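Asker: I have a structure here, written as structure tokens, and I will follow up with some questions on it.
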Amino acid sequence: MRIFITLLLFMLFLPQNGYSAQPKGVCDPTITLRLEEMPFEQVLKQVSQQTHLSFRIDDNLAQKKISGNFVENDVETFIAKCLRGQNYSAIHDEASNTLTIRTFGEKNNQLVDISPTGMTDESPVINVDLQKLHAKEDVVYKQYINDPKAIEPLTSTHLNDIALLKDEENKIYDEYINNPGSVEPLTGIKLQEIGELKKKESDSFNQNINNPKSVEPLTGMTLQEIAKLQTLEAETHIENVNNPLFINP
Numbered sequence: 005m006r007i008f009i010t011l012l013l014f015m016l017f018l019p020q021n022g023y024s025a026q027p028k029g030v031c032d033p034t035i036t037l038r039l040e041e042m043p044f045e046q047v048l049k050q051v052s053q054q055t056h057l058s059f060r061i062d063d064n065l066a067q068k069k070i071s072g073n074f075v076e077n078d079v080e081t082f083i084a085k086c087l088r089g090q091n092y093s094a095i096h097d098e099a100s101n102t103l104t105i106r107t108f109g110e111k112n113n114q115l116v117d118i119s120p121t122g123m124t125d126e127s128p129v130i131n132v133d134l135q136k137l138h139a140k141e142d143v144v145y146k147q148y149i150n151d152p153k154a155i156e157p158l159t160s161t162h163l164n165d166i167a168l169l170k171d172e173e174n175k176i177y178d179e180y181i182n183n184p185g186s187v188e189p190l191t192g193i194k195l196q197e198i199g200e201l202k203k204k205e206s207d208s209f210n211q212n213i214n215n216p217k218s219v220e221p222l223t224g225m226t227l228q229e230i231a232k233l234q235t236l237e238a239e240t241h242i243e244n245v246n247n248p249l250f251i252n253p
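Each number in my numbering comes from the position in the sequence shown (counting from 1) with 4 added on.
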């Protein structure tokens with residue numbers, strides 16, 4: 005039971021926009037893009053050209069529409085903004101410099117490969133070999149995940165037993181989270197009171213964020229001034245990138 009409560013608390017404090025594994029090992033190029041309803045697959049093609057990273061993504065993410073003004077974001081931050089609210093994992097393979105992005109709970113999705121274009125060191129032979137390797141990995145993964153007798157290597161537990169354990173944990177969590185009288189152990193406050201407090205905070209945040217005259221406390225600038233400054237920085241950066249005479253100091 006102590007294990008269940010610990011897991012329950014972990015689930016309670018997950019970020020509201022879902023868990024995303026950090027793409028370990030990714031280098032630190034920055035990404036500057038202005039997007040409007042662009043499919044995620046097309047977005048990553050542009051990112052791939054800027055960073056020389058390759059990507060593999062679930063096909064259900066490929067057509068997700070992305071909008072926003074992104075200025076000098078690192079890869080991890082950029083992906084997190086694009087997939088805000090989505091439960092996903094991002095794993096970087098250093099050998100092939102490939103970032104694989106998969107959604108949780110999806111077993112049978114096909115993977116879409118996205119590679120840099122116009123690179124002088126591209127080799128069709130290597131690309132074909134990688135495709136065969138990825139296809140073989142997908143077959144092995146599907147066989148493993150669909151076999152209830154398969155053993156999870158970290159815990160040496162059968163996948164079927166893990167599924168039963170998760171079902172039991174979910175029942176306990178549902179009973180806890182759906183009872184407004186449940187007490188959050190770290191603060192000693194009832195969930196109903198926490199919900200009311202979060203609603204007040206959310207209402208206050210929405211009022212401030214929608215008011216261009218609201219002052220950002222760290223800079224002392226109004227949100228309107230910050231927005232103008234960010235737009236100017238983005239335009240300047242794009243002009244510099246497209247200027248062959250520009251010298252990066």
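Beta carbons are placed, not taken as given, at the ideal position from N, Cα and C, and that holds for glycine. Bear in mind that the values here come from a model prediction, so they are computed numbers and not experimental data.
Just tell me which of Asp151, Asn113, Ile166 has its CA closest to the CA of Leu158.
Answerer: The sequence position of residue 158 within the sequence shown is 154, counting from 1. Nearest of Asp151, Asn113, Ile166 to Leu158, Cα basis: Ile166.
Asker: Provide the residue(s) that pair with Asn77 in DSSP beta bridges, ordered along the chain.
Answerer: To locate residue 77, count along the sequence shown from 1; it is residue 73. For Asn77, which the question treats as bridged, DSSP gives the partners Ile35.
Asker: Alpha carbon to alpha carbon, how far is Ala99 from Lys203? Give it in angstroms, no decimals.
Answerer: As a position in the sequence shown, residue 203 is number 199, starting the count at 1. As a position in the sequence shown, residue 99 is number 95, starting the count at 1. Rounded to the nearest angstrom, the two C-alpha atoms are 46 Å apart.
Asker: Buried or exposed for Val47, going by 16 or more other Cβ atoms inside 10 Å?
Answerer: Taking the first residue of the sequence shown as position 1, residue 47 is located at position 43. Classification for Val47: buried.
Asker: Going by DSSP, what residues sit across from His187 in a beta bridge?
Answerer: Residue numbering aside, residue 187 sits at position 183 when the sequence shown is read from its first letter. In the sequence under discussion, the amino acid at residue 187 is Val, which differs from the His named in the question. Its beta-bridge partners are Lys194.
Asker: Measure the Cβ-Cβ separation of Val75 and Leu57 and say whether it is below 8 Å.
Answerer: Here residue 75 corresponds to residue number 71 of the sequence shown, with the count starting at 1. Here residue 57 corresponds to residue number 53 of the sequence shown, with the count starting at 1. Contact flag unset, no.
Asker: Of all the options Thr104, Arg60, Phe44, which has the alpha carbon lying nearest to the alpha carbon of Arg88?
Answerer: One-based indexing of the sequence shown puts residue 88 at position 84. For the residues Thr104, Arg60, Phe44, the minimum Cα distance to Arg88 belongs to Phe44.
Asker: Apart from the five residues on each side of it in sequence, which residues of its chain come closer than 6 Å, Cβ to Cβ, to Val129?
Answerer: Start at 1 with the first residue of the sequence shown, and residue 129 comes out as number 125. In this prediction, Val129 has a pLDDT of 43, which is less than 50 and means its spatial position is unreliable; what the coordinates show is noted afterwards. Excluding positions up to five away in sequence, the list is empty.
Asker: Just verifying my parser: in three-state terms, what is the DSSP assignment at Phe250?
Answerer: Locating residue 250 in the sequence shown gives position 246, counting from the first residue. Here Phe250 sits in coil by DSSP.
Asker: Could you tell me which residues DSSP puts in a beta bridge with Glu40?
Answerer: Counted from its first residue, the sequence shown places residue 40 at position 36. The partner list for Glu40 (beta bridge, DSSP) is empty, contrary to what the question assumes.
Asker: Going by DSSP in three states, Gly199 sits in which element: helix, strand or coil?
Answerer: Your numbering for residue 199 matches position 195 in the sequence shown. Looking at Gly199 - three-state DSSP - the assignment turns out to be helix.
Asker: State yes or no: is the C-beta of Gln50 within less than 8 Å of the C-beta of Pro120?
Answerer: Walking along the sequence shown from the start, residue 50 turns up at place 46. Walking along the sequence shown from the start, residue 120 turns up at place 116. No, these two residues do not count as a Cβ contact at 8 Å.
Asker: Alpha carbon to alpha carbon, how far is Ile176 from Asn212?
Answerer: Stepping through the sequence shown from its first residue, residue 176 is reached at position 172. Stepping through the sequence shown from its first residue, residue 212 is reached at position 208. Looking at the two C-alpha atoms, the distance is approximately 37 Å.
Asker: Only counting the same chain, and skipping five residues up and downstream in sequence, which positions put a Cβ closer than 6 Å to that of Leu190?
Answerer: Counted from its first residue, the sequence shown places residue 190 at position 186. Taken in chain order, the list of residues that qualify is empty.
Asker: Compute the Euclidean distance between the alpha carbons of Glu220 and Asn174, then round it to the nearest angstrom.
Answerer: On the sequence shown, residue 220 is found 216 positions in, with the first residue counted as 1. On the sequence shown, residue 174 is found 170 positions in, with the first residue counted as 1. Near 40 Å, if we compare the C-alpha coordinates of Asn174 and Glu220.
Asker: Roughly how many whole angstroms lie between the Cα atoms of Lys217 and Thr107?
Answerer: Your numbering for residue 217 matches position 213 in the sequence shown. Your numbering for residue 107 matches position 103 in the sequence shown. About 39 Å.
Asker: By a C-beta neighbour count over all protein chains shown, 10 Å radius and 16 as the cutoff for buried, is Ala231 buried or exposed?
Answerer: Within the sequence shown, the letter at position 227 stands for residue 231. Flag for Ala231 reads exposed.
Asker: Can you give me the Cβ contacts of Thr104 inside the same chain, cut-off strictly under 6 Å, excluding the 5 residues immediately before and after it?
Answerer: Sequence index remark: in the sequence shown, residue 104 carries index 100 (1-based). Once the five neighbours on either side are set aside, the close Cβ partners of Thr104 are Arg60, Ile95.
Asker: Give me, in chain order, the residues of the same chain whose beta-carbon lies closer than 7 Å to that of Asn244; leave out the 5 immediate sequence neighbours on both sides.
Answerer: For this step, residue 244 is matched to residue 240 along the sequence shown. Cβ neighbours of Asn244 beyond the five flanking positions: Phe250.
Asker: Looking at the strands, I want to know which residues DSSP matches up with Arg60.
Answerer: As a working mapping, residue 60 is identified with position 56 in the sequence shown. According to DSSP, which records beta bridges pairwise, Arg60 is partnered with Thr104, Asp117.
Asker: Count the other CB atoms within 10 Å of the CB of Phe82; is the residue buried (16 or more) or exposed (fewer)?
Answerer: The residue given as residue 82 occupies position 78 in the sequence shown. Looking at its Cβ environment, which holds 16 or more other Cβ atoms inside 10 Å, Phe82 is buried.
Asker: Check for me: the beta strand (DSSP E) holding Asp97 runs from which residue to which?
Answerer: By one-based count along the sequence shown, residue 97 stands at place 93. That run of the beta strand (DSSP E) goes 92–97.
Asker: In the DSSP output, what is Glu220 paired with across the bridge?
Answerer: The residue you call residue 220 lines up with position 216 of the sequence shown. According to DSSP, which records beta bridges pairwise, Glu220 is partnered with Met225.
Asker: Using 8 Å as the threshold, is the C-beta distance between Leu39 and Ser71 below it?
Answerer: On the sequence shown, residue 39 is found 35 positions in, with the first residue counted as 1. On the sequence shown, residue 71 is found 67 positions in, with the first residue counted as 1. Against a cut-off of 8 Å, the Cβ pair of Ser71 and Leu39 comes out as a contact.
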